[in-house]
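Novice:
In the numbering used here, the protein residues as written are 1 to 426.
#1: For residue 272, report the span of its alpha helix (DSSP H) as first-last.
#2: Quick one: grab the DSSP three-state call for residue 106.
#3: Please work out which residues of its chain come closer than 7 Å, Cβ to Cβ, to residue 367, disregarding the five sequence neighbours upstream and downstream, and give them in chain order.
#4: Give me, in chain order, the residues of the same chain whose beta-carbon lies closer than 6 Å to that of residue 356; leave out the 5 immediate sequence neighbours on both sides.
#5: What span of residues does the beta strand (DSSP E) with residue 485 cover, start to end?
#6: Can you say whether residue 379 is buried or exposed, counting buried as having 16 or more other CB atoms within 10 angstroms of its CB?
#7: Using the C-alpha atoms, what's the distance from residue 257 back to residue 81?
#8: For the alpha helix (DSSP H) containing residue 164, name the first residue and the last one.
#9: In the structure shown, what three-state DSSP assignment does residue 93 receive?
#10: If I'm right that residue 85 touches residue 118 with Cβ under 8 Å, what's the distance once you round it to whole angstroms?
#11: Assuming residue 271 and residue 298 are in contact, meaning their beta carbons sit under 8 Å apart, how far apart are those beta carbons, in whole angstroms?
#12: For residue 342, name the three-state secondary structure that DSSP assigns.
#13: Taking C-beta to C-beta, are residue 153 and residue 209 nearer than 8 Å?
#14: Give me the residue from 111, 37 and 288 with the minimum Cα distance to residue 395.
#15: Which residues does DSSP pair with residue 313 in a beta bridge?
#16: Under a three-way DSSP split, which group does residue 259 fall into?
#17: For residue 58 versus residue 180, is the C-beta distance shorter than 8 Å?
#18: Comparing C-alpha positions only, which one of 389, 150 and 163 sits nearest to residue 133?
#19: Between which residues of its own chain and residue 128 is the CB-CB distance below 7 Å, once the five residues before and five after are set aside?
#20: DSSP three-state call for residue 87: helix, strand or coil?
#21: How far does the alpha helix (DSSP H) with residue 265 in it reach, from first residue to last?
#22: By a C-beta neighbour count over all protein chains shown, 10 Å radius and 16 as the cutoff for buried, is residue 169 buried or exposed?
#23: Only counting the same chain, and skipping five residues up and downstream in sequence, which positions put a Cβ closer than 6 Å to that of residue 171?
#24: Quick one: what does DSSP say residue 306 is sitting in, helix, strand or coil?
#25: Is it buried or exposed for residue 346, if we count other Cβ within 10 angstroms and need 16 for buried?
#26: Could you tell me whether the stretch 236 to 246 touches the stretch 379 to 393, where touching means 3 or more Cβ pairs closer than 8 Å?
#27: Please list, in chain order, all residues of the same chain as residue 265 whose beta carbon is under 6 Å from its beta carbon, the five residues on each side excluded.
#28: Relative to the alpha-carbon of residue 361, which residue among 112, 226 and 318 has its alpha-carbon at the smallest distance?
#29: Thinking just about the alpha-carbon of each residue, which of 296, 370 and 138 is nearest to the one in residue 354?
#30: So what's residue 19 in DSSP terms, helix, strand or just coil?
#31: Among 259, 96 and 189, which residue has its Cα nearest to the Cα of residue 294?
#32: Measure the beta-carbon distance from residue 310 to residue 393 and round it to whole angstroms, keeping in mind my assumption that it falls under 8 Å.
#33: Let me see if you follow: with CB-CB separation under 8 Å, is residue 130 close to chain B or not?
#34: Heavy atom of the ligand PLP less than 7 Å from the Cβ of residue 90, yes or no?
#35: Does residue 405 pass the burial test, meaning 16 or more other C-beta atoms within 10 Å, or should it be called exposed?
#36: Given 8 Å as the limit, is there contact between the stretch 103 to 123 and the stretch 42 to 52, that is, 3 or more CB pairs closer than that?
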């Protein structure tokens, strides 16, 4: 039976839990279009599931999409979803197949709702979550609903009205309240308590509900432990510092490299990670050199995908890049994608070599700490191998370039001597 008593101590626990929530990505980085488009896709998906099935099944369907379908199907925005929907006929069989792909169950009625919502977004050119939330607060949104009633139908219009009012977020708020309080509670008392806490925080209830819904949809409270992710990154940074110190010491190098870790709040959910840079270095006019390494996770909206970037200066010829690719593949790694970030005027050309790794920093809540640390150590070792290999190949390219320059200078010297000798003859 639900425990409906929400006396001051439970209210304090709910307030404490809400204060501990990080800002939603649209609050933290409102100008990040890639995150905003991905978040709008997820909100549309959740909106289509707002009507029955029962709440636990809805949660499970959203979780299936987040953890499996989105990455496998390459769905980054609702336009990607639109392209997927167009591949299947608008029939019971076609919609059932789409439902299996997205949610792992047959739910054709929700796919039909999703088709209508995607049509609505396309008709009014809504592409990002920030834009969507701002538009819902205008009279233009209400006019659009009236204009689209014949196409959308009453059920879809009701869904959109409920999204505007924040009603579609209530199930996630209720789930959050139950987790924060540690026991089941009915919707009425939970929502009243949430309203009181929002007033105490000085935050509009609808804004706070959106923030809660975002993180609940992110499955952070289901089987992803952001605290373990922070521990994982701390272990990666420590191990990377040890590896780099050992390698530079063994090579009798004068370079000292430092590791900087992103703030804890960013490591929990955002685009963050570690940066490896030299403490100080001498500028080299012609020789290519590695100047930084960045190991980062993408934001939760982009599934916390892990990627590596090594930055350097100096020209790398096409032949050198091909040799680097071959060497990485021979070592069992993927070849990097190399591009120039700047090459203007008299400044050194800056290049970036990147790798997209087939893993995400999604840490299950039940993962033992020893396994988290072991995973972090393996990742740090892999990043160090990339760093060492890239430094070695870049240094080799520099030596070859230096030899070529020396040869050219020597040839020029010979030519000058010859010209001087010829002048004496005449």
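The C-beta atom is built at its ideal place from N, Cα and C for all residues, glycine as well.
Specialist: This is what the structure holds:
#1: Where residue 272 is concerned, there is no enclosing alpha helix (DSSP H), although the beta strand (DSSP E) it sits in stretches over 272 to 278.
#2: coil
#3: 228
#4: 307
#5: Nothing can be reported for residue 485, as the shown portion of the chain is limited to 1 through 426.
#6: buried
#7: 44 Å
#8: 154 to 165
#9: helix
#10: 6 Å
#11: 6 Å
#12: strand
#13: no
#14: 288
#15: 289 and 350
#16: strand
#17: no
#18: 163
#19: 33, 36, 37 and 40
#20: coil
#21: 264 to 269
#22: buried
#23: 55
#24: strand
#25: In this prediction, residue 346 scores a pLDDT of 46, lower than 50, which makes its location untrustworthy; the coordinate-derived value is nonetheless stated afterwards. With fewer than 16 other Cβ atoms within 10 Å, it is exposed.
#26: yes
#27: 22
#28: 226
#29: 296
#30: helix
#31: 259
#32: Not quite, the Cβ-Cβ distance comes to about 10 Å (not below 8 Å), so this is no contact.
#33: Of the chains in the structure shown, none is chain B; there is only one protein chain.
#34: Ligands are entirely absent from the displayed structure, and the ligand PLP is therefore not among its contents.
#35: Reliability fails at residue 405, whose pLDDT of 45 lies under 50, so the model's placement of it is uncertain and the value that follows must be treated cautiously. Under this definition residue 405 is an exposed residue.
#36: yes
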